[in-house]
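Residue numbers (full-length UniProt numbering), protein chains in the order written: chain Y, 1 to 370; chain P, 1 to 529.
Beta carbons are placed, not taken as given, at the ideal position from N, Cα and C, and that holds for glycine.
Since the structure is predicted, the reported quantities are computational estimates derived from the model, not experimental observations.
Step one of this worksheet: look at the structure below.
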Amino acid sequence: MAALGPDTGPAQATAATAGGESLPQSVAVSGTEPPAMATGPVTGSVWRRFSLRRPLAALILQRLGLSVGLLFAVSLMIFGGVEALPGDFATTYLGQSATPQAVENIRKDLGLDRPMTERYVSWLGGAVQGDFGTSWASRNSVSEQIGKRLGNSLFLAFFAAIISVPLAVALGMLAVQYRNRLPDKIINVVSLAAISLPEFFVGYLLILFFAVQLGVATFPSTVYDSMGFGERLSAIALPVATLVLVVLAHMMRMTRAAILNVMASAYVETAELKGLSAFRIIARHAAPNAVAPVINVIALNLAYLVVGVVVVEVVFVYPGMGQYMVDAVTVRDMPVVQACGLIFAAFYIFLNMAADLLAIIANPRLRHPR
Amino acid sequence: MTEYTNYLARQVMLGKMNRREFMGRALAAGVALSTAGTLFATSAQAQEPKRGGNLKLGLEGGSATDSNDPAKFLSQVMFCIGRCWGDMLVESEPLTGQPVPALAESWAPSADAATWTFKIRKGVKFHDGKDLTIDDVVKTLQRHTDEKSESGALGVMKSIKEIKADGDDLVLVLTEGNADLPLLLTDYHLVIQPGGGYDNPGAGIGTGPYKLSSFEPGVRTTLEKNADDWRTDRGFVDSIEIINMNDATARIAALSSGQVHYINRVDPKTVNLLKRAPNVEILSTSGRGHYVFIMHCNTAPFDNVDLRMALKYAMDRENMVKTSLGGYGKVGNDFPINETYALFPEGIEQRAYDPDKAAFHYKKSGHSGPVLLRTSDVAFPGAVDAAVLYQDSAKKAGIEVEVKREPGDGYWSNVWNVQPFSTSYWGGRPTQDQMYSTAYLSSADWNDTRFLRPDFDKILLEARSELDETKRKDMYRTMAMTVRDEGGLILPMFNDFVNASTKAVKGYVHDIGNDMSNGYVATRVWLDA
């Protein structure tokens, strides 16, 4: 689950934007555009001139446009997917205790007796105006409920990220500096062990040691409104530790591999011959050239921290978005499923876009392809 | 025997029996004099509950989709929360299951048991300060029965034709006589709300011992003591915190580290490990819920009574209780009633695993080829394993059972009550009548064995309005025998409710009515550090 989540979504998103569209030459990430495009300015539409003058702004605009289309497609897929599941809201919500009359009353009340397309269009109409409707199950406003849950998820993801990202990059650099020596091996073995264990198992181990045996950590990690900031931090300590262990290895190894790759190049050899220290070579010369793949991996992991942590939420009894969406899918609560799905998709799209932009900004060669 | 002395002890605890009475009845029941003395002492000691403290419960079965509208209570967590802030008209006695007064002080049936008059308690206040009136009661019951109702109690309330006030009394007119009506009103959906709850059903305003102070569905709920509670024998802790914990391991970790005082749904597979924790007490209560294998009596090949009988004899019940329930349960006898029900027909021979008889009936049925059994783990915990065990015991009788694992999603709408042979679960009902009416009456929506027997229906309806208990008990015996020997029900086991608490929790009442002390756990226990 952990490995699948981050890998599938963004790959499609990137492919769609990079390959599916005829991007103007100046913003092409790949840098392998056909030479015919060199006549650019002559064809002269407003958009083309704009995209030549302000390549980054054009890219962002284009990506935003595509995102809207992508979100629309996602909403259509979620709707179709939930419809395809066996049983509708009325029967699954009432479960074994359903009576025909109660089922009928709920269907009538929610308009489930209307045809599928009509229901989708009316939902879309509301969503476009920013109204995600009310949850079928609790009859409360979806936006209001999601706000709280999303806040919790971001809170957890934020702290996991500010610990894991610097730690992963630093460990990666350390591993390069001591490559094939003892520190490198220790870092590798430990981080690989952490990623190989399923996240719930890592969670249980932490609970067992820190909450049950030593009694120093707060468990369960439930956060609620009346809780102070300090209490919240102490509540999320264990889930944050679990998430850090889970995402660390991926980013660390990518940092290591990317830097090692660059280290084999001629200009690093030159720097070495100039007599620079090993760390200075890594930090000043190798790292900037290795940053693009690392940023991509970090973006994937950040996205995972927001949208893929339902197992950790369940184990630590943490009220995040993941559990909320699973609960909603279980009873086919369409407005909630749609809203959650769209938010998750938006996060993926946004983080991937940010990763691409950062990669372009960090590497001048991508901005000025030959 | 122990059931009975426990019952006596409970009476002492409730202050309903003094020492002399207790000793007399215990000795008559054959308890040694010294034992009886100690029993009285401990029960009487337990009589003085401590007040105060914050009780924390870690419960499975809540979700973000939970609604605080009593009509829509479905999950275990809402069941428990509703019992904290609200009251029904009638409650059931924990050990005997008899109806006892709650918001209704007393009641009386007409001679044909078709019209019932309830006297409503005076001087009870809702949490918002308003007095409880007959109007609130009438409107509440109407909200659960009107044509727009989405209430979970709709099935229970179906037989009520008219709900009206007669001065300060409530009058219910039924479509036909029902001697068990007061017990139907113990249903946990039927919380009496101000104005019937028409205006704001999810407000959590009731007459219960605790006031709702925060409610986050699927996350956490807190309640504070209601200082104006009309009863003094409940609501001992100052505040309650209910945390939704859907992960079994998380619940156990939280309990054994002392972060919560009580958890529900302890997995029978791990209960023996949990027992070793020094500060933990396992609370196991016999219940009415049962795990079943159901055949449609009107669908080939199960329309053949001999095949049904063969499949019943092919069930190794003892082994099922041992492996599926870890011993926390009782064997079933192919009718849906056990001794926790009032008027239980005693002395019906226990059906046992008998490969020879199974083979005999199987041969007589003339059936050949595999029998397809559909199952899924949502049917009951460990249902797939149980099905495979059954396959094995049937094989020894020469019957080939093919187990098909169905997706859990949609199991209740696509497999259960649709396919001719499947696994399922039944929670108990307050009365025998209701259990049979829900699932064995020809016209019942949930007649999941397609048991279509006009003679059975006739006795069921007669028994319902029969006020003479001896006659009624005889009728229930006949019905039990019919279902057992001719029905499509294979009932290998009744499951116990297995919960656990820390040792600080005192006064837990083992209630046969339902899980978690019939949902009243938080209002009945106290904390003694």
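If you compare alpha carbons, which of the options is closest to residue i?
i, options, result
"Ala-193 of chain Y", "Y:Val-169, Y:Leu-245, Y:Phe-229, Y:Val-176", "Y:Leu-245"
"Val-483 of chain P", "P:Arg-472, P:Asn-518, P:Met-435, P:Lys-506", "P:Met-435"
"Thr-523 of chain P", "P:Thr-431, P:Trp-85, P:Glu-93, P:Glu-281", "P:Trp-85"
"Leu-154 of chain P", "Y:Asn-180, Y:Leu-94, Y:Ala-237", "Y:Leu-94"
"Thr-91 of chain Y", "P:Pro-109, P:Arg-83, P:Ala-113, P:Glu-150", "P:Glu-150"
"Met-516 of chain P", "P:Gly-53, P:Arg-51, P:Pro-49, P:Ser-75", "P:Ser-75"
"Val-190 of chain Y", "Y:Phe-200, Y:Val-297, Y:Ala-175", "Y:Ala-175"
"Gly-129 of chain P", "P:Ala-179, P:Ser-106, P:His-361, P:Thr-207", "P:Thr-207"
"residue 563 of chain P", "P:Leu-181, P:Lys-119, P:Asn-200", "Within the shown structure, residues of chain P are numbered from 1 to 529, placing residue 563 of chain P beyond reach of any answer."
"Gly-331 of chain P", "P:Gly-287, P:Leu-452, P:Ala-310, P:Gly-235", "The question names Gly, yet the displayed sequence has Val at residue 331 of chain P. The shortest C-alpha separation from Val-331 of chain P is found at P:Gly-287."
"Asp-445 of chain P", "P:Ser-106, P:Asn-417, P:Thr-221, P:Asn-304", "P:Asn-417"
"Leu-255 of chain P", "P:Val-505, P:Tyr-476, P:Glu-91, P:Asn-298", "P:Val-505"
"residue 603 of chain P", "P:Ser-393, P:Arg-405, P:Lys-395, P:Leu-389", "Residue 603 of chain P lies beyond the residue range present for chain P, which begins at 1 and ends at 529; the question has no answer from this structure."
"Ala-113 of chain P", "P:Asp-66, P:Gly-97, P:Leu-172", "P:Leu-172"
"Ser-138 of chain Y", "P:Leu-59, P:Phe-494, P:Glu-216, P:His-367", "P:Glu-216"
"Gly-408 of chain P", "P:Leu-389, P:Tyr-313, P:Ala-397, P:Arg-374", "P:Arg-374"
"Ala-397 of chain P", "P:Lys-56, P:Glu-349, P:Met-315, P:Ile-134", "P:Met-315"
"Ser-257 of chain P", "Y:Ala-102, Y:Gly-111, Y:Phe-210", "Y:Phe-210"
Throw me the rounded Cβ distance for the residue i and residue j pair, which I believe falls under 8 Å.
i, j, result
"Leu-461 of chain P", "Glu-176 of chain P", "7 Å"
"Ile-236 of chain Y", "Leu-156 of chain Y", "6 Å"
"Gly-152 of chain P", "Ala-102 of chain P", "So it is not a contact: roughly 19 Å between Cβ atoms."
"Val-137 of chain P", "Leu-174 of chain P", "With 8 Å as the limit, Val-137 of chain P and Leu-174 of chain P do not qualify as a contact, their Cβ atoms being about 17 Å apart."
"Thr-140 of chain P", "Leu-183 of chain P", "No, Thr-140 of chain P and Leu-183 of chain P are not in contact; Cβ-Cβ is about 17 Å, not under 8 Å."
"Leu-389 of chain P", "Met-295 of chain P", "No, Leu-389 of chain P and Met-295 of chain P are not in contact; Cβ-Cβ is about 18 Å, not under 8 Å."
"Ala-287 of chain Y", "Ile-259 of chain Y", "6 Å"
"Asn-178 of chain P", "Arg-464 of chain P", "5 Å"
"Glu-402 of chain P", "Pro-370 of chain P", "4 Å"
Can you name the residues that DSSP bridges to residue i?
i, result
"Ala-165 of chain P", "P:Leu-170"
"Leu-489 of chain P", "P:Ile-294"
"Thr-92 of chain Y", "Partner(s): none; Thr-92 of chain Y has no beta bridge."
"Lys-104 of chain P", "The residue asked about is misnamed: residue 104 of chain P is Ala in this sequence, not Lys. Answer is P:Ile-120."
"residue 535 of chain P", "Because chain P is modelled from 1 through 529, residue 535 of chain P falls outside the range shown and cannot be assessed."
"Ala-500 of chain P", "P:Ile-263, P:Ile-282"
"Phe-494 of chain P", "P:His-290, P:Lys-330"
"Val-90 of chain P", "P:Pro-101"
"Asn-54 of chain P", "P:Ser-239"
"Tyr-425 of chain P", "P:Tyr-291"
"Thr-115 of chain P", "P:Val-173"
"Pro-109 of chain P", "P:Trp-116"
"Asp-131 of chain P", "P:Lys-125"
Chain P partners of residue i, CB-CB under 7 Å?
i, result
"Thr-222 of chain Y", "Val-219, Arg-220, Ile-243"
"Gln-101 of chain Y", "Leu-154"
"Asp-333 of chain Y", "Thr-65"
"Ala-137 of chain Y", "Thr-65, Ser-67"
"Gly-215 of chain Y", "Ser-257"
"Ile-207 of chain Y", "Ala-253"
Would you mind telling me which residues of chain P sit closer than 9 Å to residue i, beta carbon to beta carbon, in chain order?
i, result
"Pro-319 of chain Y", "Ala-64, Glu-216, Gly-218, Val-219, Arg-220, Asn-244"
"Thr-91 of chain Y", "Gly-410, Trp-412, Ser-413"
"Thr-330 of chain Y", "Ser-63, Thr-65, Asp-409"
Strictly below 8 Å CB to CB, what residues from chain Y border residue i?
i, result
"Ala-108 of chain P", "What Ala-108 of chain P touches in chain Y: nothing, since even the nearest Cβ is about 30 Å away."
"Glu-150 of chain P", "Ala-102, Asn-105, Ile-106, Asp-109"
"Ser-256 of chain P", "Val-212"
"Leu-441 of chain P", "In chain order: nothing, as chain Y lies at least about 14 Å away."
"Leu-74 of chain P", "Tyr-93, Leu-94, Gly-95, Ser-97"
Could you name the residues of chain Y that residue i contacts, counting a contact when the two beta carbons are closer than 7 Å?
i, result
"Thr-249 of chain P", "Tyr-204"
"Gln-259 of chain P", "Phe-219, Pro-220"
Run through chain P and tell me which residues come within less than 8 Å of residue i, C-beta to C-beta.
i, result
"Asp-327 of chain Y", "Ser-63, Ala-64, Thr-65, Gly-218"
"Val-314 of chain Y", "Asn-246, Asp-247, Ala-250"
"Leu-85 of chain Y", "Asp-409, Gly-410"
"Thr-242 of chain Y", "Going along chain P, no residue has its Cβ under 8 Å from Thr-242 of chain Y, so there is no contact; the nearest lies around 13 Å."
"Tyr-324 of chain Y", "Ala-64, Gly-218"
Please list the segments of the alpha helix (DSSP H) lying wholly inside the segment 300-374 of chain P, counting only runs of 4 or more residues, in order along the chain.
305-313, 317-324, 355-365
Which runs of the beta strand (DSSP E) fall wholly inside the segment 376-423 of chain P and span at least 3 residues, in chain order?
Segments of the beta strand (DSSP E) lying fully in the segment 376-423 of chain P: 401-405.
I'd like the ranges of any alpha helix (DSSP H) spanning at least 4 consecutive residues and lying wholly in the segment 147-232 of chain P.
The alpha helix (DSSP H) runs of length 4 or more contained entirely in the segment 147-232 of chain P are, from start to end of the chain, 154-157, 181-184.
Which runs of the alpha helix (DSSP H) at least 4 residues long sit entirely within the segment 193-243 of chain Y? Give them in chain order.
Whole alpha helix (DSSP H) segments, 4+ residues: 199-206.
Length-filtered (3 minimum) beta strand (DSSP E) runs lying within the segment 321-359 of chain Y:
none
Ranges of the alpha helix (DSSP H) found wholly within the segment 97-159 of chain Y, counting only runs of at least 4
100-110, 116-128
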